[in-house]
Structures are given as structure tokens and as C-alpha cells.
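Trainee: Residue numbers (our numbering): 212 to 342. Using N, Cα and C, we set each Cβ at its ideal position, and we do this for glycine too. For clarity, every value in this text was computed on a predicted model and none was experimentally measured. Next up is a structure, given as C-alpha cells.
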Amino acid sequence: MRARALSRDRSLDRESGEELEQKRKKRPLIVDSDDEEQDMISAHITARREIEGKRLKLEEDRFFFEQRREEREESRLQRAQELQEKRGTLEAIRIDLEEKRAAMDREQMKQYAAESTATLDVLAALATKLQ
212 MRARALSRDR SLDRESGEEL EQKRKKRPLI VDSDDEEQDM ISAHITARRE
262 IEGKRLKLEE DRFFFEQRRE EREESRLQRA QELQEKRGTL EAIRIDLEEK
312 RAAMDREQMK QYAAESTATL DVLAALATKL Q
């Protein structure tokens, strides 16, 4: 029984030792060497270059977006102008057709009036003959 108790105590000691070792591993070691400082400086310079590259890319994308937007606006205005011109020509055609219809209506009215006058003349002549 005594052997078991000792081995049990030793296993607990080993576990607590492992826990201490894990705690030590979690702490960052601060080393102030020139190589590490140079590495940090080069990493910082690389990060700054990447940020600058991304900023330039974003600026370029924004420029192209504005350019495409202006092109779309110009094409929209051009289409609107073409549509307005087409509407103007359609309006002119419609007015011409209305004038032609009005002229045809006047012709038909004159023809109808002439036919009515001729019919009335025939009826008047018939009435005078019958009297």
C-alpha cells in the first residue's frame, strides 16, 4: 500500500510540474537583440508597403469607378437626346397626319354638302313639277 501511495504522490508531482511548465510556456520571452529589431523593422516596412499598395489600388479602383459612372451618365444623356429627337419627329409625323385627316374631312364635308345640295335640287325640281 505504501508503494502505491508514493507512486500516486509522484504522479501528482509530475502533473503539477507539467502545469508549471505550461504556465512558463505561455509567458512571452522578451529578447532585445538587433536581429529581432531588424526583423521587426523589416516587417513594419513590409506592412507599410502593403498598406500603401492597397491604398493606391483603392484609389485606382475609385478613379475607374468614377470614370465608368461618367461614361454611363454620358451615354444615358445621349440616349435621352436621341429619344427626344425621335419623339420630335414622331410628333411632327402625327401633326402631319392630323392635318391630312382634317383636309380629308374637309374634302368629305364638301363632297357631302355637294351631294346634299344635288339631292335637294332634285327634290325641289320634283316638287315644282308635281305642283
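Would you kindly work out how many angstroms separate the C-alpha atoms of E302 and A314, rounded to a whole number?
Mentor: 18 Å
Trainee: Rounded to a whole number of angstroms, what is the C-alpha to C-alpha distance between T328 and L288?
Mentor: 59 Å
Trainee: Quick check: the Cα distance between E281 and F275, rounded to an integer number of angstroms?
Mentor: A straight-line Cα-Cα distance of about 10 Å links E281 and F275.
Trainee: Taking the C-alpha atoms as reference points, what is the distance between Q322 and Q295?
Mentor: 40 Å
Trainee: Helix, strand or coil for Q342? Go by DSSP, reduced to three states.
Mentor: coil
Trainee: Applying the criterion that 16 or more other CB atoms from any shown protein chain within 10 Å of the CB defines a buried residue, is V333 buried or exposed?
Mentor: exposed
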